[in-house]
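Take a look at the structure below.
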Amino acid sequence: MLLSRKLTDNISSKWMVTCLTFCLLLPLAIGTGLVFKSTPLLSEHRLSELVFSKDWFPSDNRFGFWSFIVSSVWVTVLSLIISIPLCLLSAIYLTQYAPKWFLKFMRPVIDILAGIPSVVYGVWGLLIVVPLVGDKIAPFFGKESLGYSLLAGAIVLAVMSIPYILNMLLEVFRQMPVELGEASLALGATKWETIKHSFLRKGSTGIISAFGLGFSKALGETIAVLMVVGNVVQIPKSMFDSGYTLPGLIANNYGEMMSIPSYDSALMFGALLLFVIIVIINVIFRYIIYKSEAL
Amino acid sequence: GCTGGSKEEKNTSGSGNTVSISFSGAFALYPLVQTWVTEYNKIHPEIRFDVQAGGAGKGLTDCLAGAVDVGMFSRELTDAENEKGVWSLSVCKDAVLPTMNVKNPLYNEVQARGVKKEEFKAIFVDNSIKTWQQLLGKGAGADNINVYTRADAAGAADSWAAFFGKKQENLKGIGVNADPGVADAVRKDLKGIGYNNTLFVFDQKTGNKLPGIDVVPIDVNGNGKIDADENFYGNLSTFLQAVNDGKFPSPPARNLYFLTKGKTQKKELLDFFKWVLTDGQKFVHVAGYVPLSETTLTEQVQKL
Amino acid sequence: MMTFRRKYEERFFRALSFLFTAIIVFVLVQIIWTVVKKGFPSLSWQMITQEPKGGFYFGKDGGILNAIAGSFYLAVCSTILAFVISLPVALFMNIYLIRYQRLLIGIRFFLDVLWGVPSIVYGAFGFTLLMYLGYKNSLGAGIITVAAMITPIMIRAMDEVLKTIPIGLQEASYALGSTKTETAYKVFFREALPGFATAILLAFGRGIGDAASVLFTAGYTDHIPHGFSEPTATLPLAIFFQLSSPIEEVQNRAYAAAVILTVIVLVLSVSARLIKMKK
Amino acid sequence: MSTQIETLLKSNLTTTVVHNNIPVVEIDKVNVYSKGHHILKNVSTIIPKNKITVLLGPSGCGKTTLLKCLNRLTDLYPDLKVSGSIRIDGDNIFDAHKDITAIRQKMGLLLQRPYPLPMSIYDNIAYGLKLKGIRNKKIISAKVEKHLKEVALWDEVKDRLKTSAQRLSIGQQQRLCLARGLAVEPEIILADEPSSALDPISSRVIEEEFIKLKSGYTIILVTHILRQAKRLADNVIFMYYGEIIESGPAQQVFENPQSEILKEYLRVGH
Amino acid sequence: MSTQIETLLKSNLTTTVVHNNIPVVEIDKVNVYSKGHHILKNVSTIIPKNKITVLLGPSGCGKTTLLKCLNRLTDLYPDLKVSGSIRIDGDNIFDAHKDITAIRQKMGLLLQRPYPLPMSIYDNIAYGLKLKGIRNKKIISAKVEKHLKEVALWDEVKDRLKTSAQRLSIGQQQRLCLARGLAVEPEIILADEPSSALDPISSRVIEEEFIKLKSGYTIILVTHILRQAKRLADNVIFMYYGEIIESGPAQQVFENPQSEILKEYLRVGH
Ligand SMILES: Nc1ncnc2c1ncn2[C@@H]1O[C@H](COP(=O)(O)OP(=O)(O)OP(=O)(O)O)[C@@H](O)[C@H]1O
Ligand SMILES: Nc1ncnc2c1ncn2[C@@H]1O[C@H](COP(=O)(O)OP(=O)(O)OP(=O)(O)O)[C@@H](O)[C@H]1O
Ligand SMILES: [Mg+2]
Ligand SMILES: [Mg+2]
Ligand SMILES: O=P([O-])([O-])[O-]
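Chains as they are written, first to last, in the working numbering: chain A, 1 to 295; chain B, 1001 to 1304; chain C, 2001 to 2279; chain D, 3001 to 3270; chain E, 4001 to 4270.
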């Protein structure tokens, strides 16, 4: 073998390992950093009190994160309930049923939406979604709402995560080997049956990870949500109530962290909570993926 | 006290390099600082200013972290903050105003009657007044008062809470992002009530009130109606005059500050501060703020 | 023969998927339309060719060239940086580690966690690091933060693409005596190229559109940065600040800035796809 | 309709199928192009019912493409342009409004490159059964066993029915796909080199299966093994560079080849 | 080393390779497991230099797995556990620190299922040449043409060399992959059913190619076509359910089969 080829192989694999190590160390570094930063708070308060109390009075040194956790989970889950069926079925439509030009037209549109800053989504939410929820959807369910609500946040979030989830799903379906389609269709399966039994199965890991990533993205999204969700520290009772998400808490108060003792530590603890939720969710999704791959 | 600045000056003037000064902080100060730096650049083109808004708190954090030279700040410093070694310079005043929707069916009643400080507290902090009926008595409808507050940590919110001796975290209501957010929310909600920085209530160019919202007059003397000398909300200049004269309570009127991490040694910066307190004050009024009184000004100049 | 149920199941899902696509298209087009409608009247040549002049923030002369250039530098540099890290990692996972499925599960887990870390946390983390190292807000700091944020996005998107490449292709390449590197860059890279374009665009979009991470690290300025150590303006922040202005003209300019951002992304997206088609 | 066939038969000189066979598939002037490349050139022929028609021809001559046309799998390739008509029991399958799924279920195509679906071995076969509406678990189990035995795969896989089908050896995959295709019981079987990856013993099992099936089904078989063709064929179609060169009853074609190329083909393949 | 071989030869009763052949590949007690499934059972044999060794056996008996072991492609499958040793020119390829790429370049494996690389037809062949360090465009062009002609594919593709190889017919893909594999000029050629998708005429071209190559190369060939085996084989190895049942010089194995199963195999395959 040529020496130069060997050398290239050697250098390139070293570089690969370096990059990988770096990527693996980063979450560890972030995690440790956050734990380190929140130790002052943890040494003053009991963990269970921080997580499960709903009293939030930083100046009185009372930090209860429960309302934020509940709101965050509400908004995220609601947004996924909206975006999962939308994205999955439209990815199917675009790749399997729609004419080619339509998919071609959609791709730049999706790219644009991935590039629009979240502030703009927030403004769109204020202009369209908040009144829609307040004036149409809430009365339809017999509820009263000002529109600044978990549902409004969830709708905005769902729309924001569409470009990410949809793009990944399109890629999953695009990579499906033609032969797989041929094999199933040749048996007399309808197109939908082919999709349902073969494509969804073959692409299951990709699809599940797209949703896992969508979940993370929704959970961590900050500015757009805080513009429409009402930011009231309370345990929401329905999706028409206002809520206050963890990222919103950090973004809104990050600047204030020097002014109240333990506040910076509390905000970092909020970030840590987010981080932990994301880790837990990913463990769950990884487990599902592992199970579905293990066939 | 310009010791140590001379060395830096030599460096910069010798090589003909520009000096850069960066700001970060309160939205309330952002437009005024923009005006100041543009005006100042006309006489000192060698200085490069970078100005960034982000809320009062961010200004403090950035400045303490050394990420910027100057923090723009729009409320009083707390003890905890003072302990961190911030040096502050007050540069002008403005005020936070309670607001309501002009199309509110009870608009005239509210304007004639005004709202007392305790009543505001009951609405914004204690949540003991929940409906317009509870506020105005029998004749009014039983509709809820929809309270809007700032979601982001803001000088405006803190100054409004300081009116009742409280903090931003004690304010109830739907949290909305940034000043225009609160203004828009009230503008859209007939039964809404909120508070805003001066420039989001009055049009800076015409001096008239911006469409859709109006001030909820404060019944300062608590006699149950708005007297002639309590009614200074007609236009921007009468209002600014009232703030200047102390007729409008403080807080919610407040000082706006420049912060540095310890007293700065940078000569160019000190020069700029001096200009702000002297020649720069003439732009304050134009931009919709209240200039500092003569005595405060001399006090501040002496700090430099 | 086809049973009744099968036939109608097919029709039902076809119709449903069409309906859902229509909803998505409607919402997407509406957002773009809202932005364009509000921003277009304020759009002018001046806006994209000039830096802000005195009074720009009160509705007078000037433009947002500072933010356009800043965003462009920031997004391009961080995308390149992220690509240089992502490509080897994604290829490494799917070629070198193919035998170690358990390890891969672990790595993907780490990457997913990284993906999920909110940009605000990246911003805060970057800021803390910056403080610790004693640097000021600057283009360089912004680039590093944004690159760290978009790298996992890119790797995971690339990984999804590479995972679907049949093992037979890898066998075929080795059977010819290719090294792993050659298999990676000559065979896998080619096969996955269209998918990579999407991954890069996705990451670029996130990089150019994210405000939370640059808010803490890149600073803001009315000038075009001339080096990595200078602060830089970015479009999302320009939009954010202008939206916070009391003056309506200035708020409308925020939409105009959003239109400009939209056009930049559109141009990139279309040209990337054109290049891909030529191939 | 019968007059139509009559004219068709006359119009096409090479089509000399024995008349007492009822045609089920009538292929009329089918052309397939791909970006200027003419893959099928004016192909017309008739496939008779309950017979085995063997499609012969050198590699790359268009056999697979023709079978894919019959099943309209050509739809999956955007750059293939197809013209002409193919009638199955009188229905033109290229009619835009035809229910293509029903047609495909009638015509089972056994692909040349076996492609197990991404499921277990068991489910690969159960899949086709479920498509036919069979839900009863017991019946499915029984049928899976039956069909796996038919293709002589049962013994090799019976203790790992629930493992992924994509781990099988190529020959095993081929037999699995065959079993899967037969499980849906199509009326017309299009088999594209169904024993190319099989050893002689397994091949024989498959051949016998085809002979058994003949009475109930119509079979089109592509094969490169001349001996197999001779053992199975009732009719033979010989293709060359996208054209049908010769066709007719097996005996006639094998014993009396007209064209030079077919003669050479028969000589070498022997 | 020769004593080592001597003992090996004695230790393994089934290995009766003619002594005057120099062995290049010595396979010693190779076992392959996959989750409890024993795929290769204690396989030991010797492949002599400059001969064609034909590997026979029913589908699923482990032929492909054995070839993949020789090339260490088993590394790609996490659930395969391989033990034993394979020596090529004396080097054990399972040594952890062996440069596997160099070994693979020495041993060209022609896969059973042809996989064109995602490039044009031309580049598929040029790829292998470039790996060998050939940079000169003219030489590459000439070699591409030469190798495509060797596998009788040149005429069919010469006017679309720059189009994607993945659009070729299966038989064309198989020939392309063959040409690609030969272009790297490995010392040992492992050919896994290289003509399974080919018509008799193309098959013959390939066979002649192998015979030509024999003098310079060592060839291991898997085939299901008994006539082809007889035409080509110098030595024969017969496998059954993961074991080597019989092996030896072609004549001896074909004319004097010992085991019942091989007798049956030869009878049916005829
Ligand atoms: N990666 C794998 N995991 C599990 N089992 C495998 C794997 N590869 C092959 N097998 C099993 O090992 C046995 C031998 O497979 P192999 O592919 O070697 O057969 P073969 O002799 O090449 O057959 P064919 O002639 O059909 O190609 C088969 O039973 C197959 O199912
Ligand atoms: N999708 C396609 N796009 C372009 N050309 C194609 C396509 N499919 C097939 N071809 C070309 O059409 C010709 C016929 O291909 P086909 O697969 O029908 O051959 P075949 O007779 O089945 O050969 P084999 O015996 O090798 O499988 C070949 O030259 C092939 O390259
Ligand atoms: Mg074919
Ligand atoms: Mg095999
Ligand atoms: O000036 P503020 O943005 O802090 O209200």
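Positions of the beta carbon are idealized from the N, C-alpha and C atoms, including for glycine. Keep in mind it's a predicted model, so treat the numbers as computed, not measured.
Just list the residues that DSSP pairs residue i with in beta bridges.
i: A4191(E); result: L4110(E) and L4221(E)
i: D3091(D); result: I3088(D)
i: S2138(C); result: None, per the DSSP bridge assignment.
i: C1092(B); result: L1256(B)
i: V2113(C); result: According to DSSP, which records beta bridges pairwise, V2113(C) is partnered with nothing at all.
i: L1199(B); result: Partner(s): none; L1199(B) has no beta bridge.
i: H3038(D); result: Y3033(D)
i: K3081(D); result: Y3033(D)
i: S4247(E); result: I4237(E)
i: Y1148(B); result: I1174(B)
i: N231(A); result: Paired residues: none, contrary to the question.
i: V1070(B); result: F1023(B)
Once DSSP output is grouped into helix, strand and coil, what is the label at residue i?
i: F1049(B); result: strand
i: A4096(E); result: coil
i: T1295(B); result: helix
i: A3102(D); result: helix
i: V2270(C); result: helix
i: Y2122(C); result: helix
i: N3124(D); result: helix
i: Y3240(D); result: strand
i: R174(A); result: helix
i: E1076(B); result: coil
i: I4022(E); result: coil
i: N3256(D); result: coil
i: F1120(B); result: helix
i: P3048(D); result: strand
Just checking my contact of residue i with residue j at CB under 8 Å: how many whole Å lie between their CB atoms?
i: I3086(D); j: L3070(D); result: 6 Å
i: L272(A); j: L127(A); result: Their Cβ separation, rounded to whole angstroms, is 35 Å, which puts L272(A) and L127(A) out of contact at 8 Å.
i: F3238(D); j: L3056(D); result: 5 Å
Near residue i, what residues of its chain come up, given a Cβ to Cβ distance below 7 Å and the 5 sequence neighbours on each side ignored?
i: T194(A); result: G181, S184 and L185
i: W1275(B); result: Y1040
i: T3014(D); result: In this prediction, T3014(D) scores a pLDDT of 42, lower than 50, which makes its location untrustworthy; no coordinate-derived value is stated.
i: A2148(C); result: Y2122
Which same chain residues end up closer than 6 Å to residue i when comparing Cβ atoms and leaving out the 5 residues on each side of it in sequence?
i: V233(A); result: W56, S67 and Y244
i: D1098(B); result: Here residue 1098(B) turns out to be Pro, not Asp, going by the sequence shown. Within the same chain, P1098(B) has close Cβ partners Y1195 and V1216.
i: Q1052(B); result: S1024
i: I3188(D); result: M3107 and T3218
By Cβ distance below 8 Å, which residues in the same chain neighbour residue i in space, the five residues on each side in sequence not counted?
i: A114(A); result: P163, Y164 and N167
i: N1041(B); result: I1047 and F1049
i: V133(A); result: S145, G147, S149, L151, A152, I155 and F240
i: E3264(D); result: none
For residue i, is the beta carbon positioned less than 7 Å from some heavy atom of ligand 7?
i: G4269(E); result: As for ligand 7, it is missing from this structure, which binds only ligand 1, ligand 2, ligand 3, ligand 4 and ligand 5.
Around ligand 4, what residues have a beta-carbon under 5 Å from a heavy atom of it, in chain order?
S3169(D), I3170(D), T4064(E) and Q4112(E)
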